[in-house]
Amino acid sequence: MGFKKKQMLGFGLILLFLAILLSFMMVTLNNLKSNMTEIVENRYEKVSASMEIRQLFSRSDREILFAANDTNKEERAESLEIINENHNLIESKIAGLSGSLNKAKAKQLLKEFETQYASYSITEAEIIQKIKSGNSSDDLSSLMEDQREKRTKVISTMDEFKDYQEGVMNDTLNNSKQTYEDMIGFVIFAVILSILVISVTVVWMIRSTSKDLQSITKVIKNIDYKNLSVIPRVPVRTTDEIGDIARSFNEMAGSLEIYNQKEKDFTEKISEQNWIQTRVADIATMYQRIVDVEVLADRFITRLAPMMGASIGAFYVKRGEGVDMRFVKLASFAGDGEDSGRREFRLGEGLIGQCALEKKSKVIEDIPEDFQVVTTGLGEVNPKSIVIAPVVFEDEVVAMVELASLEAFTKLQKTFLNQVLDTLGITINNVEGRMEIERLLKESQAQTEELQAQSEELQSQSEEMQAQSEELQTQAEELRMINEQLEERNRETEEKSKELQVAKLNLEKQAEELKLSSKYKSEFMANMSHELRTPLNSILILSEMLSDPNDSKLNEEQQEFARVINSSGQDLLTLINDILDLSKVEVGKLEVVFDEMNLSELPEQLHRNFDHVAKKKNIDFIIEKSKSVPDIFFTDEQRFQQILKNLLSNAFKFTEKGSVSVQIKKADEENVAQWIQTKGASNWVEIKVTDTGIGISKEKQKLIFEAFQQGDGATMRKYGGTGLGLSICREFAKLLGGWVIVDSEEGQGSTFTFFIPSMPEGFKNVGEAMAASPEVAAANHDDSAAPFDGKGEPDVVIVDEEDRDKAKPFCNKTVLVVDDDHRNIFALKNALKHEGMEILTAENGYECLELLEKGNNIDVILMDIMMPGMDGYETMTRIREQSKFEDLPIIALTAKAMKGDREKCLKAGASDYVSKPLKLDQLLSVLRVWLTN
Numbered sequence: 001m002g003f004k005k006k007q008m009l010g011f012g013l014i015l016l017f018l019a020i021l022l023s024f025m026m027v028t029l030n031n032l033k034s035n036m037t038e039i040v041e042n043r044y045e046k047v048s049a050s051m052e053i054r055q056l057f058s059r060s061d062r063e064i065l066f067a068a069n070d071t072n073k074e075e076r077a078e079s080l081e082i083i084n085e086n087h088n089l090i091e092s093k094i095a096g097l098s099g100s101l102n103k104a105k106a107k108q109l110l111k112e113f114e115t116q117y118a119s120y121s122i123t124e125a126e127i128i129q130k131i132k133s134g135n136s137s138d139d140l141s142s143l144m145e146d147q148r149e150k151r152t153k154v155i156s157t158m159d160e161f162k163d164y165q166e167g168v169m170n171d172t173l174n175n176s177k178q179t180y181e182d183m184i185g186f187v188i189f190a191v192i193l194s195i196l197v198i199s200v201t202v203v204w205m206i207r208s209t210s211k212d213l214q215s216i217t218k219v220i221k222n223i224d225y226k227n228l229s230v231i232p233r234v235p236v237r238t239t240d241e242i243g244d245i246a247r248s249f250n251e252m253a254g255s256l257e258i259y260n261q262k263e264k265d266f267t268e269k270i271s272e273q274n275w276i277q278t279r280v281a282d283i284a285t286m287y288q289r290i291v292d293v294e295v296l297a298d299r300f301i302t303r304l305a306p307m308m309g310a311s312i313g314a315f316y317v318k319r320g321e322g323v324d325m326r327f328v329k330l331a332s333f334a335g336d337g338e339d340s341g342r343r344e345f346r347l348g349e350g351l352i353g354q355c356a357l358e359k360k361s362k363v364i365e366d367i368p369e370d371f372q373v374v375t376t377g378l379g380e381v382n383p384k385s386i387v388i389a390p391v392v393f394e395d396e397v398v399a400m401v402e403l404a405s406l407e408a409f410t411k412l413q414k415t416f417l418n419q420v421l422d423t424l425g426i427t428i429n430n431v432e433g434r435m436e437i438e439r440l441l442k443e444s445q446a447q448t449e450e451l452q453a454q455s456e457e458l459q460s461q462s463e464e465m466q467a468q469s470e471e472l473q474t475q476a477e478e479l480r481m482i483n484e485q486l487e488e489r490n491r492e493t494e495e496k497s498k499e500l501q502v503a504k505l506n507l508e509k510q511a512e513e514l515k516l517s518s519k520y521k522s523e524f525m526a527n528m529s530h531e532l533r534t535p536l537n538s539i540l541i542l543s544e545m546l547s548d549p550n551d552s553k554l555n556e557e558q559q560e561f562a563r564v565i566n567s568s569g570q571d572l573l574t575l576i577n578d579i580l581d582l583s584k585v586e587v588g589k590l591e592v593v594f595d596e597m598n599l600s601e602l603p604e605q606l607h608r609n610f611d612h613v614a615k616k617k618n619i620d621f622i623i624e625k626s627k628s629v630p631d632i633f634f635t636d637e638q639r640f641q642q643i644l645k646n647l648l649s650n651a652f653k654f655t656e657k658g659s660v661s662v663q664i665k666k667a668d669e670e671n672v673a674q675w676i677q678t679k680g681a682s683n684w685v686e687i688k689v690t691d692t693g694i695g696i697s698k699e700k701q702k703l704i705f706e707a708f709q710q711g712d713g714a715t716m717r718k719y720g721g722t723g724l725g726l727s728i729c730r731e732f733a734k735l736l737g738g739w740v741i742v743d744s745e746e747g748q749g750s751t752f753t754f755f756i757p758s759m760p761e762g763f764k765n766v767g768e769a770m771a772a773s774p775e776v777a778a779a780n781h782d783d784s785a786a787p788f789d790g791k792g793e794p795d796v797v798i799v800d801e802e803d804r805d806k807a808k809p810f811c812n813k814t815v816l817v818v819d820d821d822h823r824n825i826f827a828l829k830n831a832l833k834h835e836g837m838e839i840l841t842a843e844n845g846y847e848c849l850e851l852l853e854k855g856n857n858i859d860v861i862l863m864d865i866m867m868p869g870m871d872g873y874e875t876m877t878r879i880r881e882q883s884k885f886e887d888l889p890i891i892a893l894t895a896k897a898m899k900g901d902r903e904k905c906l907k908a909g910a911s912d913y914v915s916k917p918l919k920l921d922q923l924l925s926v927l928r929v930w931l932t933n
């Protein structure tokens with residue numbers, strides 16, 4: 001039975017039982033309704049009618065007595081009229097009851113009542129007639145006595161009728177109660193039975209369905225998701241929807257197996273292609289700077305044989321032309337002295353000669369036992385496979401390569417060999433061409449020297465013959481030469497004047513181009529700073545909020561993820577600042593401020609900032625400071641500390657064990673003079689940073705001071721970094737009048753020596769060259785001005801909950817965030833809402849002005865500078881033009897942060913200025929100041 005049919009059958013049974021229960025309840029309720037209707041509409045009306053008849057009868061009886069005893073004719077007439085009316089009403093009531101009775105006894109009692117009332121009515125009519133005739137009470141006494149007897153019988157019969165009707169009504173009520181109780185019992189029984197039937201039906205449906213589903217689930221759980229080459233199949237037991245699911249799963253499993261196999265094949269092809277390309281590139285790199293064919297042959301066969309998995313090999317190059325053409329062995333791999341293969345061969349000689357003649361490669365798998373063996377230190381082994389391949393250039397064989405291996409060559413190795421040989425012919429031709437050019441050059445030089453010797457001999461003879469004639473012409477020649485010299489000098493003076501004028505114009509043009517280029521570069525760096533810092537601003541703010549353990553709802557692992565994101569963002573910010581520092585140094589516009597600093601505090605600062613690093617890496621950190629070092633030193637402290645930070649960070653990064661030491665002493669000026677000019681310094685300090693790390697090879701010691709360079713690619717992959725640190729160190733050292741040198745040996749550690757002068761009067765040349773300019777982009781004074789801490793992690797301010805509750809300057813405050821970047825709006829909105837502030841947002845200056853005009857009771861504005869349409873400067877100016885907004889705090893936010901932007905923002909109307917990427921604590925501090933003031 002299908003899943004759908006099972007459900008329809010189950011729900012059909014449930015609906016059937018519900019319909020039966022409902023039908024029975026309807027029938028029972030109809031019976032109750034009929035009984036109640038009979039009680040209310042039938043029995044009650046009959047009892048009520050009998051009571052009314054009795055009341056009318058009693059009133060008529062009283063009126064007769066009044067009429068018999070009353071002497072007043074008017075009152076007597078009124079009583080008689082009432083008696084007549086009551087008589088008519090009683091007859092109409094009796095007629096009504098007669099038509100509605102359905103019980104025999106009731107009809108009998110009513111008939112008796114009618115008979116008795118008729119007799120009573122006759123007596124009553126006689127009494128009324130005598131009253132009208134004026135008879136006295138005594139005359140009426142006998143009639144009145146007869147009337148009382150009849151009245152008693154009428155009343156008795158009426159009471160019996162009423163009692164009978166009330167008894168019938170009580171019986172009907174009791175029947176209704178019994179019917180109700182029976183209905184309740186049946187309903188309870190029916191509900192219990194329905195529950196049992198429904199439960200059995202549902203259990204049957206669930207068990208029959210879950211059994212099939214469990215079989216599917218069991219198969220799915222047994223799938224090895226790491227190996228989809230073989231997927232178990234679901235047994236198809238039914239033809240219902242679950243059976244369709246099983247069949248669909250089996251079809252999907254088959255498709256996944258096919259896809260997995262295709263993916264494996266594709267991955268294998270890509271891996272093979274990468275394997276080939278990598279080795280082809282390696283060999284192509286080897287070709288560089290080779291100018292001799294023998295060197296090329298030796299390096300090629302030495303490099304190719306291991307890549308092919310060959311155990312022995314030989315390289316032959318073509319020599320001669322025509323009948324003298326032969327192939328000579330220039331290099332071999334793993335050969336056995338003079339016996340390792342033939343020295344030379346001609347076209348068609350042997351298999352290798354035949355391959356050269358046909359220009360085709362040949363692979364030999366069946367090797368005879370007496371073939372050239374592979375020699376090792378332990379013995380000799382016969383190869384299992386040989387490949388012979390020609391090297392073709394312009395449809396001509398220029399070389400032959402033969403390789404032998406202990407294993408069969410694979411298809412991948414053969415493809416690799418073909419690709420390598422495609423470019424080898426060009427390389428051989430180029431090398432031979434260079435050799436031929438070099439040979440011709442040497443011959444030309446020898447011939448030139450021989451001709452020069454002959455020319456010198458002829459010249460000496462000619463000089464002797466001309467000596468006499470020259471003596472005769474000397475005086476005349478001297479006079480002529482004087483005149484010519486004067487004329488020549490005049491011409492030279494005029495030409496030099498013109499050349500100087502042209503050179504001056506060219507220099508002015510180049511200076512303008514250089515200035516324009518510097519401006520474009522500075523503007524590019526500023527825009528790059530803005531584009532990098534804008535998304536970085538959102539990353540740092542949101543990750544800092546998520547990593548706060550007091551406010552975050554994340555678990556510990558997720559908070560750690562947020563801290564890693566924040567730390568990575570800080571590292572990216574440091575990289576941006578480093579690049580910008582290098583840019584400013586390159587254009588010669590980095591501001592250097594020489595001021596007094598205390599060197600006696602330097603060891604304590606270094607311990608405080610790097611002890612935790614040494615402890616974490618379990619290495620020693622030693623600082624030695626000579627007593628001869630002056631306590632007071634004049635330099636730019638910020639750049640000085642940045643140099644030390646970079647040097648020590650490098651030392652710790654590349655040192656896995658041992659120690660890192662810092663030696664601070666007074667420098668010998670004569671020693672410093674060999675590296676840099678020592679004029680203008682009151683004294684020199686030498687700081688050596690020594691580590692026991694990986695060291696630097698001699699050939700790489702100059703390279704490491706260039707931007708984006710490290711020792712090699714492996715160093716960058718293992719230790720990370722951008723290669724900017726040492727470049728910044730040397731450039732900053734030059735700005736401070738000092739120098740950085742390195743002394744290192746690979747595997748033995750490194751020593752970086754930093755020479756720095758004390759400059760009480762400043763460094764005038766550098767100061768003039770490095771004067772600050774508004775064209776220098778992306779000034780990062782907010783980030784770089786802080787002293788280094790060596791940790792690379794953002795400062796997290798933890799506020800006690802009680803302190804936070806005591807002072808809430810942000811609660812119920814409204815801030816308007818004006819920024820065209822939705823990421824910044826999202827980050828600021830969440831951060832400030834967390835502080836209890838109401839947030840309004842605008843994407844440009846026009847929207848900002850519209851919100852202000854609507855009167856939203858804004859307490860402070862956060863204004864981005866670079867926006868489309870109306871930028872931050874114009875927006876702030878328009879706001880300040882309105883007198884009602886003169887005291888409204890406006891805090892300018894920008895990621896471009898060019899030198900002089902702060903003054904420009906304040907001039908436009910900003911109350912304060914914060915550069916991006918924002919530090920949340922810094923922003924909240926600025927907001928707190930302006931909101932409390």
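Read in UniProt numbering, the sequence shown has 49 at position 49, and its numbers run on one by one without any break. Think of the CB as a built atom: it goes at the ideal place given N, C-alpha and C, for glycine as much as any other residue. Computed from a predicted model, the values in this text were never measured in an experiment.
How is the beta strand (DSSP E) around residue i delimited, first residue to last?
i      : result
GLY313 : 312 to 319
LYS105 : No beta strand (DSSP E) holds LYS105; the alpha helix (DSSP H) holding it covers 104 to 133.
ALA305 : Taken as a continuous stretch (DSSP letters only), ALA305 belongs to no beta strand (DSSP E), being part of the alpha helix (DSSP H) at 293 to 308.
GLU745 : 739 to 745
ALA389 : 385 to 393
Based on the DSSP secondary-structure assignment, which residues constitute the bridge partners of residue i?
i      : result
ILE632 : ASN598
VAL685 : LYS666, ILE756
PHE66  : Partner(s): none; PHE66 has no beta bridge.
ASP212 : The partner list for ASP212 (beta bridge, DSSP) is empty, contrary to what the question assumes.
ARG326 : ARG319
Thinking just about the alpha-carbon of each residue, which of the options is nearest to the one in residue i?
i           : options                        : result
ALA832      : ASP820, TYR846, LYS813         : Checking the sequence, you will find Leu at residue 832 rather than Ala. The shortest C-alpha separation from LEU832 is found at LYS813.
residue 935 : LYS553, ILE576, ASN550, ILE539 : No statement about residue 935 is possible, as the shown extent of the chain runs from 1 to 933 and does not include it.
LYS360      : PRO390, GLY425, LEU412, SER727 : PRO390
LEU80       : GLU853, ILE127, GLN108, SER925 : ILE127
PRO232      : SER255, ASN430, SER697         : SER255
GLN605      : LYS645, PRO630, ILE632         : LYS645
LEU412      : SER649, TRP275, VAL387, GLU903 : TRP275
GLU596      : THR157, PHE640, ARG62          : PHE640
residue 938 : THR932, ASN222, THR179, LEU417 : Since the first and last residues shown for the chain are 1 and 933, residue 938 lies out of range.
THR751      : CYS811, LEU648, LEU196         : LEU648
VAL230      : VAL219, VAL317, VAL236         : VAL219
From what residue to what residue does the alpha helix (DSSP H) around residue i run?
i      : result
TRP930 : 920 to 932
LYS262 : 241 to 286
Count the other CB atoms within 10 Å of the CB of residue i; is the residue buried (16 or more) or exposed (fewer)?
i           : result
residue 966 : This structure leaves residue 966 out entirely; the chain is present only between 1 and 933.
MET481      : exposed
HIS87       : buried
LYS46       : buried
ARG842      : Checking the sequence, you will find Ala at residue 842 rather than Arg. Answer is buried; the Cβ neighbour count reaches 16.
PRO630      : exposed
SER133      : exposed
VAL662      : buried
ALA714      : The predicted position of ALA714 is uncertain, since its pLDDT is 46 and thus under 50; no value can be drawn from it.
CYS848      : buried
Jot down the residue ranges of each uninterrupted alpha helix (DSSP H) in the UniProt domain "Response regulatory" (814 to 931), minimum 4 residues, whole runs only, in chain order.
822 to 834, 845 to 853, 872 to 880, 901 to 908
Taking only runs that begin and end inside the region 463 to 508, name each unbroken alpha helix (DSSP H) of 4 or more residues, in chain order.
none
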